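Asker:
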Amino acid sequence: MGDPSGVLVVHGAFNRLGPGGGPDVIVDDGGDATMLIHEGVKAEEDFAKSGKLPDPTSTDNAEFQIVLSIIKEGLQSDPLKYHKMKDRLVGVSEETPTGVKRLYQMQANGSLLFPIRGNHRRRR
291 MGDPSGVLVV
301 HGAFNRLGPG
311 GGPDVIVDDG
321 GDATMLIHEG
331 VKAEEDFAKS
341 GKLPDPTSTD
351 NAEFQIVLSI
361 IKEGLQSDPL
371 KYHKMKDRLV
381 GVSEETPTGV
391 KRLYQMQANG
401 SLLFPIRGNH
411 RRRR
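Quick look at the structure:
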């Protein structure tokens, strides 16, 4: 995980899209939006089964603490926010080698919630 401010920027952008909104496509975001939606869907499923909210203190990673705090807050106002976003998305693309590799790993193990669209591979 990288700079915690990236997750805050993504969260702010999602909120400006309004209720029930969300991106149609995620383009080269460095993985912040993709991670937030995947973790949000996972937390919503856990919340639906057990009523348990994410615990930001469960990790030492500053970025992931922010992710869990954002998701926890969202669950209290809309327990299907990230499921709605996932259903709206038609795909994700990425340019960084690490991001591309992560997406293909997620696709291969069946954990990617939406299709990969037009990933870029840099040529040297």
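Just so you know, we're using the numbering used here here: the sequence shown kicks off at 291 and counts up by one.
Think of the CB as a built atom: it goes at the ideal place given N, C-alpha and C, for glycine as much as any other residue.
Predicted model, so just to flag it, every value in this text is computed and none were measured.
So if DSSP puts Val317 in a beta bridge, which residue, or which two residues, is it bridged to?
Answerer: Within the sequence shown, the letter at position 27 stands for residue 317. Val317 is bridged to Ser383.
Asker: For Ile406, write down the residues that DSSP places opposite it in a beta bridge.
Answerer: Position 116 of the sequence shown, counted from the start, is the residue given in the question as residue 406. In DSSP, Ile406 forms a bridge with Val382.
Asker: With burial defined as no fewer than 16 other Cβ atoms inside 10 Å of the residue's Cβ, what is the status of Val300: buried or exposed?
Answerer: Working through the sequence shown from its first residue, we reach residue 300 at position 10. That one is buried.
Asker: Is the beta carbon of Val297 closer than 9 Å to that of Val382?
Answerer: Taking the first residue of the sequence shown as 1, we reach residue 382 at position 92. Taking the first residue of the sequence shown as 1, we reach residue 297 at position 7. No. Outside cutoff.
Asker: For Met291 and Asp368, I'd like the C-alpha separation in whole angstroms.
Answerer: The sequence position of residue 291 within the sequence shown is 1, counting from 1. The sequence position of residue 368 within the sequence shown is 78, counting from 1. Interpretation of Met291 is limited by its pLDDT of 48, a score under 50 that renders its predicted location unreliable; the figure taken from the coordinates is listed afterwards. Looking at the two C-alpha atoms, the distance is approximately 26 Å.
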